[in-house]
Amino acid sequence: MKQKNIEIYNRLDAMHPDAECELNYGDPFQLLVAVILSAQCTDKRVNEVTKELFKVVKTPEDMVNIKREELEKLIFTCGFYHNKAKSLQGMAASVVKKGYVPDNMEELLELDGVGRKTANVIMAEAYKKPAIAVDTHVFRVSNRIGLVNEDTPEKTEFALKKEFDEDKWSHLHHLLIFHGRYMCKSQNPNCKECKLQDMCKYYGEKR
C-alpha cells in the first residue's frame, strides 16, 4: 500500500509543481484570519478581502476592538459574514488572552473557532511543522483516488499520516488541494488528463 501511495505522491508532485499555500499573509495571526475566511470561499476572494482588511486590522487587538458591523462590511464578500466575523473576533480575543499564536495542536485548539483543519494549516504553513490539514479537497481526493478509505476528515488525517512519512505531510496537503481544485473537481473530475488513471480507485470503478 505504501509503495503505491508514494508513486501517487510523486505523480501528483509532477502534475502540480507549484502546489503551495495560495493565501496571502504576513504573520501567523493573518494566516489564521485568512483560513477562517476561506471556509466555503475561494482563496482568490479571500486575498482580495484581506488586502483591504489588513489595512485596518493589523493585530489581534485591532480585531477585538473593531465594531462588528464594520468587520462584517469588510468581509461581506467572503460569505457567511455574520458567523465569520464572530469567529474572527472570538479567535482574536483568545490570541490576545494567550499573548501569541500557538505553534502546536493542543494550544491552537484552545483558540475560539479553531478546529483541527485550521490548526494544521497554521502548524504546517506558519511554523513549518509536519501536519496534514484535511479540508474538503483533501478529504474528497484522498478517499476518491484510494490513498485512504475513511468517512470523516479527522480519520482521513490520521490515516494519511500513517501512509506517509512526516517530511511529506505538509506538501501532500498542498498537492491534494491543487489536484482537487484544478483536476479532480467535485463535479466532473477531469479524468481524461489526469496522470493517475491506472492507480485511481474512482477511475477504475467508473470504467
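The sequence shown maps to residues 327 to 533 in our numbering. Glycine included, each C-beta is placed from N, C-alpha and C at the ideal position. Everything numeric in this text was worked out from a predicted model, so none of it was measured.
Q | Which of helix, strand or coil DSSP assigns to Met-525 | A | Here residue 525 corresponds to residue number 199 of the sequence shown, with the count starting at 1. Coil at Met-525, not helix or strand.
Q.
The alpha helix (DSSP H) that contains Met-431, what's its start and end?
A. Working through the sequence shown from its first residue, we reach residue 431 at position 105. 431-434 is the extent of the alpha helix (DSSP H) around Met-431.
Q. Looking at the structure shown, is Gln-513 part of a helix, part of a strand, or coil, going by DSSP?
A. Locating residue 513 in the sequence shown gives position 187, where the first residue counts as 1. If DSSP states are grouped into helix, strand and coil, Gln-513 belongs with coil.
(Q) Going by beta-carbon coordinates alone, are Asn-331 and Leu-522 separated by less than 8 Å? (A) If you number the sequence shown from 1, residue 331 lands on position 5. If you number the sequence shown from 1, residue 522 lands on position 196. Not in contact: Asn-331 and Leu-522 (Cβ atoms no closer than 8 Å).
Q: Between the Cα of Ala-365 and those of Arg-470, Val-382 and Lys-410, spot the shortest distance and give me the residue it belongs to.
A: As a first step, residue 365 must be located in the sequence shown, where it is residue number 39. The shortest Cα separation from Ala-365 among Arg-470, Val-382 and Lys-410 belongs to Lys-410.
Q) According to the neighbour-count rule (16 or more other Cβ atoms, all chains shown, within 10 Å of its Cβ), is Thr-482 buried or exposed? A) What you label residue 482 is simply residue 156 of the sequence shown in a count that begins at 1. Burial call: buried.
Q | Enclosing alpha helix (DSSP H) for Phe-402 [first to last residue] | A | Here residue 402 refers to the residue found at position 76 when the sequence shown is read from its first residue. First-last for Phe-402: undefined, no H or E at that position.
Q.
If you follow the alpha helix (DSSP H) that Met-341 is in, where does it begin and where does it stop?
A. Looking up residue 341 in the sequence shown gives position 15. Here the alpha helix (DSSP H) through Met-341 covers 328-341.
Q: Can you have a look at Ala-466 and say buried or exposed, based on whether 16 or more other CB atoms are within 10 angstroms of its CB?
A: Along the sequence shown, one-based indexing puts residue 466 at 140. Residue identity differs from the one stated: residue 466 is Arg in this sequence, not Ala. Arg-466 is buried by the Cβ-count criterion.
Q. Since Thr-296 is in the alpha helix (DSSP H), which residue starts that stretch and which ends it?
A. Missing from the structure shown is residue 296; the chain here goes from 327 to 533 and no further.
Q) Given His-376, which residues of its chain have a CB within under 6 Å of its CB, disregarding the five upstream and five downstream residues? A) For this step, residue 376 is matched to residue 50 along the sequence shown. Residue 376 is actually Thr in this sequence, not His. Cβ within range, chain order: Ala-360.
Q: Since I believe Val-427 is in contact with Leu-379 (beta carbons under 8 Å), could you give me their beta-carbon distance rounded to a whole number of angstroms?
A: Taking the first residue of the sequence shown as position 1, residue 379 is located at position 53. Taking the first residue of the sequence shown as position 1, residue 427 is located at position 101. So it is not a contact: roughly 17 Å between Cβ atoms.
(Q) Only counting the same chain, and skipping five residues up and downstream in sequence, which positions put a Cβ closer than 6 Å to that of Cys-367? (A) Sequence index remark: in the sequence shown, residue 367 carries index 41 (1-based). If we look at Cys-367 and ignore the five residues flanking it on each side, its Cβ neighbours are Cys-404 and Gly-405.
Q.
Within 8 Å, do at least three Cβ pairs link the segment 412-423 to the segment 344-352?
A. no
**Q.** Beta-carbon spacing of Tyr-407, Glu-396 below 8 Å
**A.** As a first step, residue 407 must be located in the sequence shown, where it is residue number 81. As a first step, residue 396 must be located in the sequence shown, where it is residue number 70. Not closer than 8 Å, so no.
(Q) According to DSSP, simplified to helix, strand and coil, what is Thr-368? (A) Position 42 of the sequence shown, counting from 1, holds the residue named residue 368. Coil.
Q.
If you reduce the DSSP assignment to three classes, tell me which class Asn-469 lands in.
A. Against the sequence shown, residue 469 aligns to sequence position 143. The answer is helix: DSSP assigns Asn-469 an H, G or I state.
Q. Taking C-beta to C-beta, are Pro-354 and Ile-448 nearer than 8 Å?
A. Mapped onto the sequence shown, residue 354 falls at position 28. Mapped onto the sequence shown, residue 448 falls at position 122. Against a cut-off of 8 Å, the Cβ pair of Ile-448 and Pro-354 comes out as a contact.
Q) Ordered along the chain, which non-local residues of its own chain (more than five positions away) have a Cβ less than 8 Å from that of Gly-506? A) Counting from 1 along the sequence shown, the entry for residue 506 is found at position 180. These residues qualify, in order along the chain: Thr-462, His-463, Val-464, Arg-466, Val-467 and Ser-512.
Q. What residue range is occupied by the uninterrupted alpha helix (DSSP H) comprising Met-324?
A. In the structure displayed, the chain extends from 327 to 533; residue 324 sits before or after that span and is not available.
Q) Between Cys-517 and Ile-471, is the Cβ-Cβ spacing less than 8 Å? A) The sequence position of residue 517 within the sequence shown is 191, counting from 1. The sequence position of residue 471 within the sequence shown is 145, counting from 1. For Cys-517 and Ile-471, no; Cβs fall outside 8 Å.
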